[in-house]
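S.K.:
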Amino acid sequence: MMTHNANVGQLLHLNLRRDWLKLALWLIGLVGLMGGAAAKFNGLYGTQTAMRSIITTLKAPAMVSLLGPFTAAQPYTVAGIYAAEMMVFMGLFVAMMNIYFAIHATRQDEDSGLVELVRAHATGRNAPLTAAILELLLLNLTAGILEALSLQVSGMHGMTTVGNWLFGAGLAAFGLMFGAFSLLWAQLADTSRDATMMSYVWLGSLFIARMATDVQAPEATWLTVYGWIEKLDIYATDQWLPVGLMLAVTVVLGVLTLAVTQNRDVGAGLLPQRKGRQGASVWLNSPLALIARLERTSTLIWLFGLGILGATYGSIFGTAGDLLTSNPTMAKLIGTAATHAANRTIVLAFTNKLAVIFVILATLPGLSTLLRINADERKGYFEALHARNVSRTRLYASIAVYGLLVAVLAFFCGMVGMIAAGQAVMPHAPTVSHLMRAFWGYVPALIVVYGLGACLVGLLPRWQSVIWIWPAYGFFSLYLGSLLDLPQWATRLTPYGWINNVPVAQVQWPTAAWMTLLGLGLILCGGCAYANRDLMVN
Amino acid sequence: MAQPVVSLQHLQKRFGHFQALKDVTLTVNAGEVFGFIGPNGAGKSTTIRTLLGILKKSGGEATIFGKDVWQDAVWIHKRLAYVPGDVYLWPNLSGGEVIDFLLKLNGQRHSAATDALIQDFALDVTKKCRTYSKGNRQKVALIAAFSTAADLYIFDEPTSGLDPLMEAVFQKHVRALKTAGKSVLLSSHILSEVERMCDRIGIIRAGEVIETGSLADMRHLSRTQIKVTTSQDPSAIQQLAAVHGFTQTGSQISFAVDSEQLNTVLTALTPLGIQQLQSTPPTLEDLFLRYYHQQEAQS
Ligand SMILES: Nc1ncnc2c1ncn2[C@@H]1O[C@H](COP(=O)(O)OP(=O)(O)O)[C@@H](O)[C@H]1O
Ligand SMILES: [Mg+2]
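Protein sequences appear in the order of chains A and B. First residue of the first sequence: 1, per full-length UniProt numbering; consecutive thereafter. First residue of the second sequence: 1, per full-length UniProt numbering; consecutive thereafter.
1. I want to see whether chain B comes within less than 7 Å of A:L284, judged by CB atoms only; does it?
2. Can you list, in chain order, the residues of the stretch 377-389 of chain A whose Cβ is nearer than 8 Å to any Cβ on chain B?
3. With a 10 Å radius around its C-beta and 16 neighbouring C-beta atoms as the bar for buried, classify B:Y292 as buried or exposed.
4. Would you say the beta carbon of B:G85 comes nearer than 6 Å to a heavy atom of ligand 4?
5. What would DSSP say about A:G526, mapped onto helix, strand or coil?
6. The beta strand (DSSP E) that contains B:H10, what's its start and end?
7. Give me, in chain order, the residues of the same chain whose beta-carbon lies closer than 7 Å to that of A:W468; leave out the 5 immediate sequence neighbours on both sides.
8. Which one of B:S94, B:K134 and B:F288 has the shortest CA to CA distance from A:Q278?
9. I want to check one thing, is the minimum distance from the CB of A:S182 to the heavy atoms of ligand 2 below 6 Å?
10. Would A:L294 count as contacting chain B if we go by Cβ distances under 7 Å?
11. Residue 305 of chain B lies in the alpha helix (DSSP H); which residues open and close that run?
12. Under three-state DSSP, which class holds A:I234?
13. Is the CB of B:H77 under 7 Å away from at least one CB in chain A?
14. Of all Cβ atoms in chain B, is any one closer than 7 Å to the Cβ of A:A280?
15. Just tell me which of B:P234, B:A241 and B:S259 has its CA closest to the CA of B:T247.
16. Does the stretch 133-144 of chain B come into contact with the stretch 15-30 of chain B, if we say contact requires no fewer than three beta-carbon pairs (one atom in each stretch) closer than 8 Å?
17. Any beta carbon of chain B sitting closer than 7 Å to that of A:L114?
18. Taking B:E167 as part of the alpha helix (DSSP H), name the residues at either end of that continuous run.
19. So, does the CB of A:G276 fall closer than 7 Å to a CB anywhere in chain B?
20. For B:K44, verify whether its CB is less than 6 Å away from any heavy atom of ligand 2.
21. Looking only at its chain, what residues have a beta carbon closer than 6 Å to the beta carbon of A:M34, apart from the 5 residues adjacent to it on each side?
22. Which value, in whole angstroms, describes the spacing of the CA atoms of A:P218 and A:P242?
23. Give me the Cα-Cα distance between B:Q225 and B:G202, rounded to the nearest whole angstrom.
24. Say whether the stretch 161-169 of chain B touches the stretch 250-265 of chain B, bearing in mind that this needs 3 or more beta-carbon pairs closer than 8 Å, one atom from each stretch.
25. So, is A:C528 buried or exposed, given that buried needs 16 or more other C-beta atoms within 10 angstroms?
26. Give me the Cα-Cα distance between A:N374 and A:V457, rounded to the nearest whole angstrom.
27. Assign A:L58 to buried or exposed, taking buried as 16 or more other Cβ atoms, counted over all protein chains shown, within 10 Å of its Cβ.
28. In three-state terms, what does DSSP make of A:M1?
29. Does any residue of chain A have a CB that is nearer than 7 Å to the CB of B:N106?
30. So, at 6 Å on beta carbons, what are the nonlocal neighbours of A:E377 in its own chain, with the 5 sequence-adjacent residues on each side left out?
31. Is it buried or exposed, A:L367, if we count other Cβ atoms within 10 angstroms and call 16 or more buried?
32. Report yes if the C-beta distance between A:A421 and A:A311 is below 7 Å; otherwise report no.
33. At which residues does the alpha helix (DSSP H) containing A:L367 begin and terminate?
34. What in chain B is Cβ-close to A:S391, meaning under 8 Å?
35. Using DSSP's beta-bridge definition, name the partner residues of B:S254.
36. How many Å lie between A:N15 and A:Y100 at the Cα?
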């Protein structure tokens, strides 16, 4: 065993030195979010009225689907509300962080040939994997401790020391578990790209399962794994059992991963590989066809995934827009017709939140395709292409158009899935065209963000990854922003925040028009810059 | 005289403050194989990438087929085939897919010639590019380039990943291009490789082309290293004007000889009874050394 792990310490040291900035940024982001929100909560929900109104909101099925169930019992405390609002959301971020570092420290290093170099020295067969495990352990341990400490000093009403530490420990164990899943996928997948894709498909599936069970069958949430994080019941009964479960799963996954890694070659996955084609298919004859061929699997997963996500959210329209059950006194008071109208209003407001989620998620595959312009260039994939009968303008246009198309289509799939399922389960649902206002309203925002990405690609290729800040911040500011009472300027920092409250309100066509033009202008701008600069060689 | 296929006049390229190309002047004529040699980092790839419009020149003139390489890039590329120095291919496509795709971009098809090339280079085209070695990726690009009907072929250090057997296959196909009257620009850092195939060569060093001409023109720059054992005492050889750096251990001598005087020296050696003879062709470094000695001597 020792020889399998020779020099693991050195390797870990190297990894940490290489990743320290990324690690620090993630930690600052996570801990800042936790502590910052906690410090703000007293001001937000300090009064009984504020507390009562937020609890009604949090108990509504729509909010349960977004944030997890509100299970705290009377007497309610600020800390109880905090735990209910933040748990599922923080879990998502922590899981993403772990997926990133797990893949980064294993397969990405293999793809870049780094592991080959390392393994040729006196390092053990398992050393890179063990170093990755240790890095994740260290990361989550640090994150957990810092999160707990940030809660400790926040002075939030109703918090307990046990609850604070459980919060930190819960998130750490949760993150570690998803890191361990990714390490396992990394053994199976062919490339780091595939491993990342598998990790997100897994996370997404569990998240969707959690959402569906939370609303319709809370007991079944135990089966979704993701739901364990809700069962911690922090600042109430403080359950440690889920932490134990997560750690147990992590250990099992770790043992499994170490076992299967023995049978794997560096740079290859365990899943059987099909033989490649003898020649190209007839339609692979243009840059557009090439990018479609390269992105095929990922595009299908995104379109399908957003469709499923939409349908799952849509399927709770019936429960969400059902005042007759959720608030019978009020329903009796206002009469049948008015109740239907009120139900529709609730669903429309819910649709607004969902549209924001869909549009931001849909931006991701678009941007990731767009950034290939420089990423693939730097890897040298395009060099042989440039000497062919393909102008830069054509290459740029092909990739930009494909990415935008996929993004808009993915958003469309989310909306259609939601509307179809919503119409099926909700009597007297809002009409399709009414709900589609959200689509027409948010598409321009998507185009502007995409245009910003295109400008970066053309003008500042080395800084193109900065574009991820917009969807990430947009998600945070619009998903949690209203609950955290962010000022208006703070939500207007991303184009998503420029859109009015569709589908409740009408689409503002003038705004939509100028934003679309702005976005398309930015895309053109990026194209011009790209056509007139050096390409990213080496 | 016919218009040159490639013409570079005082080409310059800066990366920020770093001047990668200071003064590159050369021409490739129709139907000739031009060797472009220089040590690593001299600016060969940068010159070629500028020729392809991948990089934008900072000064000077660069034309192919009489058209500007930046303005008319696409027009030029219809009549050109290129193999990069480091070939990287999309990991999830097969070699066969890439070859066909590259051909189709120039409106050409996978032909019998393509199949013959695949045979010649012994490439398994059904493998994913991820699994290819550097040499195999190079083969993919070479097959695509050789089966493209073009007027100008550009190869950037094409044999750096190929084994000697494949190197011979490559040379065979370059000769075929020459026979067919095509123009070829070939970069390398190994003089002997270029020597075998090229009509003319250009030597680049630190971003400057210091010499162009036929290899015969450059004979005065190159010296062949000779190691020989004779049955009679060979010390008299030292007296010949073309012999430099003479050393002797017993009956074995070693010296450098001006390449154009090789015949004279061998004639003098033969009567001494040659038992063993080893000649090492001049390397690029020898060429540079000679070149700078000459410069100093002149100034
Ligand atoms: N994109 C770039 N940015 C900065 N310097 C570069 C870039 N590309 C090449 N160089 C530098 O230009 C010089 C010439 O490089 P190159 O043309 O690749 O040499 P060669 O192909 O002759 O080995 C080298 O010193 C290299 O470091
Ligand atoms: Mg080079």
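A virtual CB, placed ideally from N, CA and C, is assigned to each residue, including glycine.
M.R.: Once the coordinates are examined:
1. Interface flag for A:L284 against chain B is set, since a Cβ pair is found closer than 7 Å.
2. Answer in chain order: K379, G380, Y381, E383, A384, L385, H386, A387, R388 and N389.
3. Classification of B:Y292: exposed, given that the 10 Å Cβ count is below 16.
4. The ligand content of the structure shown is limited to ligand 1 and ligand 2, which means ligand 4 is not among them.
5. Of the three classes helix, strand and coil, the one that applies to A:G526 here is helix, per DSSP.
6. Here the beta strand (DSSP E) through B:H10 covers V6 to F15.
7. Excluding residues within five positions, none has a Cβ falling inside 7 Å.
8. The shortest C-alpha separation from A:Q278 is found at B:S94.
9. No, Cβ of A:S182 sits at least 6 Å from all heavy atoms of ligand 2.
10. A:L294 counts as touching chain B.
11. With chain B covering only 1 through 299, there is no way to say anything about residue 305 of chain B.
12. DSSP places A:I234 in coil when its eight states are reduced to three.
13. True, the Cβ-Cβ gap to chain A drops below 7 Å.
14. So, interface residue.
15. Taking each of B:P234, B:A241 and B:S259 in turn and checking the Cα distance to B:T247, the smallest one comes out for B:P234.
16. The stretch 133-144 of chain B, when compared against the stretch 15-30 of chain B, does not touch it at the 8 Å Cβ threshold.
17. Output row for A:L114: interface = no.
18. For B:E167, the enclosing alpha helix (DSSP H) starts and ends at P164 to T179.
19. Closer than 7 Å: yes.
20. Yes; taking the cut-off as 6 Å, the Cβ of B:K44 has a heavy atom of ligand 2 nearer than that.
21. Excluding sequence neighbours, A:M34 sits near E147 and S150.
22. Spanning the two alpha carbons is a distance of roughly 15 Å.
23. Here the alpha carbons of B:G202 and B:Q225 stand approximately 23 Å from one another.
24. No, they do not touch.
25. Exposed, since its Cβ has fewer than 16 Cβ neighbours within 10 Å.
26. Here the alpha carbon of A:N374 sits roughly 7 Å from the alpha carbon of A:V457.
27. A:L58 comes out buried.
28. With a pLDDT of only 46 at A:M1, under the threshold of 50, the placement of this residue in the model should not be trusted; the figure read from the coordinates follows. A:M1 falls in the coil class under three-state DSSP.
29. Chain A places a beta carbon closer than 7 Å to that of B:N106, counting this residue as a contact.
30. A distance below 6 Å between beta-carbons, with the five flanking residues on each side excluded, links A:E377 to the following residues of its chain, in chain order: L535 and M536.
31. With 16 or more other CB atoms across the displayed protein chains lying within 10 angstroms of its CB, A:L367 is buried.
32. Against a cut-off of 7 Å, the Cβ pair of A:A311 and A:A421 comes out as a contact.
33. Its alpha helix (DSSP H) spans residues T336 to L370.
34. The answer, in chain order, is A73 and V74.
35. Partner(s): B:K227 and B:T247.
36. So the alpha carbons of these two residues sit roughly 14 Å apart.
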